[in-house]
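One line per chain: the protein sequences are A and B, in this order. Taking the numbering used here, the leading residue of the first sequence gets 1, the next gets one more, and so forth. Taking the numbering used here, the leading residue of the second sequence gets 189, the next gets one more, and so forth. Take a look at the structure below.
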Amino acid sequence: MIESEEGVPNVLNLSEIAEREREEDERVVEIVREFGAENLIYCMQCGSCAAVCPLARVGFEWYNKKLIKALLLGMKEELLDDPTPWACVACNRCTEVCPRQVSPFEVMFAVRRMMVEEFAIPTLAIEGLRALYEYGHAVYMTGREARKKVGLPEKPPSTDSDEQALKDLKTILKNTKLAKLGLIPMND
Amino acid sequence: MSNDEKPRIGVYICHCGENIAGAVDVKAVAEFAKTLPDVVVVRDYLFMCSDPGQELIKQDIRDGLVNRVVVAACTPRTHEPIFRKACEDAGLNKYYFEMANIRDQCSWAHWHEKEKATEKAKAIVAAAVAKARLLEPLEDRYIELTKEVMVIGGGIAGIFAALDLANAGFKVHLVEKSPSIGGNMAKLDKTFPTNDCSACILTPLMVEVANHPNINLLTYSEVESVEGSVGNFKVKVRKKQTYVDWDKCTGCGACLDVCPPKARVPDEFNEGMSLRGAIYIPFPQAVPKKAVVDMDACIKCGGRDFSGKEPRLSKSGKPILAPCEKVCPTGAADRTPYRDPNGELVELNVGAIIVATGYKVMDKHHFKEFAPEHPNVITAMQMERLISATGPSEGKLIKPSEIPKLLEAKKKGEKVEVEKPHTITFISCVGSRDNRYHTYCSRVCCMYMLKQAMILKEKYPDLDIYIFFIDVRTPGKDFDEYYMRCRQLGIKIIKGRAGGIQPLPDDRLLVKGYDAEIGKPVEVVTDIAVLATAIEPNPTLKELARTLGINVGAEGFLKERHTKLYPVDTMTEGIFIAGCAQGPKDIPDSVAQAKAAAASAMSLLDPGKMTVEPLISEVNKEKCTGCGICVPLCPYGAISLVECEDGKKKSEINPALCKGCGVCTAACPSKAITLHGFTYDQVLAQIKTIARWPEIPAE
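Written as structure tokens, this is what we have:
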């Protein structure tokens, strides 16, 4: 079981959530819509997405269907510490089965973007970003020694070993929101 | 075919697909039937009621092979008329037909005992053949039909039934118990799924009813008694005393404001959220727009009590009058003439009756868990009044607890600050789908909650609106699209019926619920809680049903003859039902049903006469001793003792009233009464066959 109860109280006070939205003058639904979850409001909570979601199967609490409902209720702060959106494997099965064309996968990713804005990123994700910037791989391959041992070049034939490509990638990344947020060092 | 011809019986056995053949060995029954006396033809067929099945029978009759027909199949209740018609079409008297029910009474009942079922089917067929040998030809009777219809209830269903009939040329008597027609629909603000204004679409129809030359509008009236039967009902209608001369009343409303505070009572039209005087016009668009005096509320100012007394005189010699009569410009409210508290009894002769008495919404006080005493916990019908332009706050959204303050200020002509709600919470299925109250779904609550939420959210976008649903049920044309529109407006839908409401010290309410979609208890602090209370039959419906002789189901609504095939008919011929009296339904469905009921009444009455089966009882005056035992037994009052030429009294049966139930026939000690189609000999032949089974009695 993945414990994700930290940010979500046992009893949700919907009035407090609404009050917070009013104070901050932005509706959570609108935030995630701007981040790509355009069809969120068409969700009728049928549950097909959850039926095919690997996250739900392995016990993550805020899988697609529940996450969508939480957003519709205006929950945001409660979800910031939750690891579920980061565990999404982008398999896109949910998008295929959704009868309302909500694209729950897009919702997952919109929530990631919302979390990044709030600096609510798990360490693992920061590591990924750093690796992306440094080597051009979010999930960086370890085992350079092993590669050498079997007679392979130390770096794989990808961005990692292509100086120009890596330079271009860094330029691109420096022009994204990532640079503005300053989540990782982007010095060179 | 003459009567004295020797019977030549054809037996036709139906497989009813697998329904009969699945348990009964049809071939074995057919072989057996061939051995029965006077049977000349035996055939079996997959569906005897189909065209080719009926053709088998017709061909045998036309070929002169058979002159009596026995069909062993399903129930005569549904299929006897079909086979009788087939006999008649082929030139045989249709009462030379007998049906053996080997499905409902045999194959279905003994599905797992195939051998025994086959044996029983044989016995049933043998009994039918025994009766068929003794059948007599009979002729249909006709009764004259009165081409007038009474419609009970002047809501949207009654209005449409009355208008359709009146437009088709039938005289309609529309009986409504309140002073105005319009019913519950008149109280609604807007109507789903198009959000048109209820009054705007209803009022023209009400006016059309009032002005229609074929409609006799009887408002403030109730049905007192109904006698007779289809085509000729004799109805007594009580026109209640209005205590206002309606010929003179112009509906100006001058009397309404002067009625003193002591005589003010909760206003039914505003669901008790404001007060009305003892003299009142139910609502601004009332039809007819006439005042009535509610005698339970009237305090009889100046001793003015309609008893026929002249008014007392003041010291200055002026007559002391009640404020309402003093202010009335036409003298309609004059309290000097005697007015009979019993009103007036009107007698009607009608051929058919349509019952469209509508519904009432359940009271909130049953639900202690929802703080019903709190003024800001209201029913959805109260919410309709709160947002209606003719409501207590004239359509301004305020907290219901502020209404008295607002009305007081209005009376004084002052301006006053009243609190407005910021949050409104709806709770579904209050009293519906609840074994403690009503097990049924009230069918319209989901949609009207969405409608009210939508109207409010569109008008006041800053409102926070929550709806607690067990399920969202939107099975109608354009209904689910309507629901989605609500969601897009940002109305928050919580799946789960709220469990309780707790009043907070600051006059707000804490709604405690559970969101099954995220699996957590939730709480909402709300200013107004709206309970979608169940739709119930009108409390007087049971008594009316008794008066009319029609049935009421377990849930208290009128029972239709057949759920699918005869949805607007009742078990009493000539009485039809429409609208919420039959069960909860929305306006489109009520109107559709009203039009169906009107069409059914038309097709019944339009020919002017109807065929009546000759299967009724007749007294053999030779045998009758005049004991009179049969007279009180007849459930239809069809039997009377009449003096014969020899001066003796003998029983006589009115064929127009007799329904052929057979009670008198069975009771007559001298066997003087014959029930045609079920004579002693015929019934005894059947019984003997069964009783002596498997031996077949020779004669």
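Where a beta carbon is used, it is the ideal one built from N, C-alpha and C, also for glycine.
Residue i versus chain B: which residues are under 7 Å apart at the beta carbon?
i              : result
V111 (chain A) : Result: empty, since nearest Cβ-Cβ is about 15 Å, beyond 7 Å.
A189 (chain A) : Because chain A is modelled from 1 through 188, residue 189 (chain A) falls outside the range shown and cannot be assessed.
Output yes if chain B places a C-beta closer than 9 Å to the C-beta of residue i; else output no.
i              : result
G74 (chain A)  : yes
S103 (chain A) : no
I121 (chain A) : no
V29 (chain A)  : yes
For residue i, collect the residues of the same chain with a Cβ closer than 6 Å to its Cβ; drop the 5 residues on either side in sequence, then sort them by chain order.
i              : result
G744 (chain B) : P725
S805 (chain B) : I841, C846, C852, T853, I861, L863
C617 (chain B) : I658, R685
G357 (chain B) : none
K700 (chain B) : G687, G688, E711
A274 (chain B) : Q242, I245, K246
L677 (chain B) : K645
V8 (chain A)   : E78
S4 (chain A)   : Its pLDDT being 42, under 50, S4 (chain A) is placed unreliably in this model, and the value from its coordinates should be taken loosely. Taken in chain order, the residues that qualify are E61, D82.
A320 (chain B) : I197, R256, V258, E286
V130 (chain B) : In the structure as shown, chain B starts at 189 and stops at 887, and residue 130 (chain B) therefore has no counterpart that could be examined.
E607 (chain B) : K587, E590
P354 (chain B) : Note that residue 354 (chain B) corresponds to Ala in the displayed sequence, not to Pro. If we look at A354 (chain B) and ignore the five residues flanking it on each side, its Cβ neighbours are V360, H400, N402, I403.
Below 7 Å on C-beta distance, what does residue i contact in chain A?
i              : result
Y654 (chain B) : L14
R675 (chain B) : I41
Y611 (chain B) : At residue 611 (chain B) the sequence reads Thr, which differs from the Tyr that was named. Result: S15.
Is residue i close to chain A, meaning its C-beta is less than 9 Å from at least one C-beta of that chain?
i              : result
V565 (chain B) : no
V713 (chain B) : yes
K683 (chain B) : yes
K587 (chain B) : no
Beta-carbon within less than 8 Å of residue i's beta-carbon, same chain only, minus the 5 sequence neighbours each way: which residues are those?
i              : result
P264 (chain B) : M287, N289
K730 (chain B) : V740, G744
I643 (chain B) : D377, K378, N383, I575
I817 (chain B) : A855, C856, P857
Less than 9 Å separating the beta-carbons of residue i and residue j?
i              : j              : result
N739 (chain B) : T758 (chain B) : yes
P882 (chain B) : K876 (chain B) : no
I469 (chain B) : G491 (chain B) : no
E117 (chain A) : L55 (chain A)  : no
F667 (chain B) : M635 (chain B) : yes
G136 (chain A) : T171 (chain A) : no
E206 (chain B) : V418 (chain B) : no
V593 (chain B) : V604 (chain B) : Going by the sequence as given, residue 593 (chain B) is Lys instead of Val. A contact, by the Cβ cut-off of 9 Å.
T379 (chain B) : I775 (chain B) : yes
K647 (chain B) : L585 (chain B) : yes
G460 (chain B) : F555 (chain B) : no
F421 (chain B) : V538 (chain B) : yes
G151 (chain A) : A138 (chain A) : no
C294 (chain B) : A211 (chain B) : yes
A350 (chain B) : L333 (chain B) : no
Give the residues of chain A in contact with residue i, contact being defined as C-beta atoms less than 8 Å apart.
i              : result
E705 (chain B) : Q45, K65, K66, K69
P709 (chain B) : N10, V11, L12
Run down chain A in chain order and give the residues with a C-beta less than 9 Å from the C-beta of residue i.
i              : result
M672 (chain B) : I41, Y42, M44, R100
K680 (chain B) : L14, A18, L72, L73, G74
In its own chain, which residues sit with a C-beta less than 7 Å from the C-beta of residue i, not counting the 5 before and 5 after it?
i              : result
T893 (chain B) : Residue 893 (chain B) is absent from the model: chain B starts at 189 and stops at 887.
T813 (chain B) : S858
A18 (chain A)  : G74
A451 (chain B) : G465, A466, A485, C486, I487
R426 (chain B) : S409, E410, E412, G531, L533
With a cut-off of 8 Å on the beta carbons, I'd call residue i and residue j a contact; round off their distance for me.
i              : j              : result
E590 (chain B) : K424 (chain B) : About 47 Å separates the two Cβ atoms, so there is no contact after all.
I340 (chain B) : V480 (chain B) : Not confirmed; about 19 Å, so no contact.
K783 (chain B) : D352 (chain B) : 6 Å
V11 (chain A)  : L72 (chain A)  : The pair is not a contact, with the Cβ atoms about 18 Å apart (cut-off 8 Å).
P448 (chain B) : C489 (chain B) : 7 Å
M571 (chain B) : V432 (chain B) : Not really, about 32 Å apart at Cβ, beyond 8 Å.
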